[in-house]
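Using this note's numbering, read the sequence shown as starting at 2 and increasing by one per residue.
Worksheet: one structure, shown below.
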Amino acid sequence: MTLYLVRHADAGSRNPYSPVDHLRELSEDGWRQAARIAERLGDAGVTRVLSSPYPRCRQTVEPLANRIGVAVESHDALAEGADERAALALMHTLAGTEAVLCSHGDIIPGVIRLLELTGTAINGRRGNAKGSVWTIASDGGRLVAAAYAKTPRKPHSVAR
């Protein structure tokens, strides 16, 4: 079984001084990346789609959820500023299922580091680009291997 840990797609630049930065939505490039993620994972057997409650994360996985006919489940453990251990604990509860989890650039590197510290093999190069996907294999409830891949942006526009 496989988990897919997705960093939200492009949503412009963070504004640490904005009191509403958490409401930031995807850019046009981000919508293109979200469409590519839906194409890539749409036939992967995914049965659950989980996301940070932030709009940019939900929007990243909504095209996939729509394609496979499931609702996006919000989880605070995936929110920006959450404890990486909470995100990892959520992933352990999902081991043995086919699920997508969408989170943020401050959470994912810590989760990958914790996976490595607990014995998960990290295959290939590492990264944390917007719209990227970590594919994490599980075996008998254990998270055993993880591999990173970027999601390119398509040059054409997409319908939302």
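Backbone N, C-alpha and C define an ideal beta-carbon position, used for all residues, glycine too.
Residue i versus residue j: straight-line alpha-carbon distance, rounded
{"i": "A87", "j": "G125", "result": "25 Å"}
{"i": "Y55", "j": "G120", "result": "30 Å"}
{"i": "Q60", "j": "L24", "result": "11 Å"}
{"i": "V112", "j": "D44", "result": "25 Å"}
{"i": "H93", "j": "L144", "result": "7 Å"}
{"i": "A83", "j": "H105", "result": "10 Å"}
{"i": "L118", "j": "P110", "result": "12 Å"}
{"i": "R114", "j": "E29", "result": "31 Å"}
Proximal residues to residue i (C-beta, below 6 Å), its chain only, five neighbours per side dropped
{"i": "W135", "result": "L6, A147, Y149"}
Residue i, buried or exposed, once every other Cβ within 10 Å from all chains shown has been counted against 16
{"i": "D11", "result": "buried"}
{"i": "A36", "result": "buried"}
Continuous beta strand (DSSP E) stretch holding residue i: start and end
{"i": "D84", "result": "Looking at the DSSP string, D84 is not in any beta strand (DSSP E), and its letter there is neither H nor E."}
{"i": "G100", "result": "According to the sequence shown, residue 100 is Ala rather than Gly. That run of the beta strand (DSSP E) goes 100-104."}
Beta carbon of residue i nearer than 8 Å to that of residue j
{"i": "A100", "j": "R49", "result": "yes"}
{"i": "G128", "j": "I38", "result": "no"}
{"i": "A78", "j": "L91", "result": "yes"}
7 Å Cβ shell around residue i - same chain, five flanking residues per side excluded
{"i": "V73", "result": "V50, S52, R59, V62, E63, A66"}
Residue i: first and last residue of the uninterrupted alpha helix (DSSP H) it sits in
{"i": "L118", "result": "109-118"}
{"i": "V62", "result": "56-69"}
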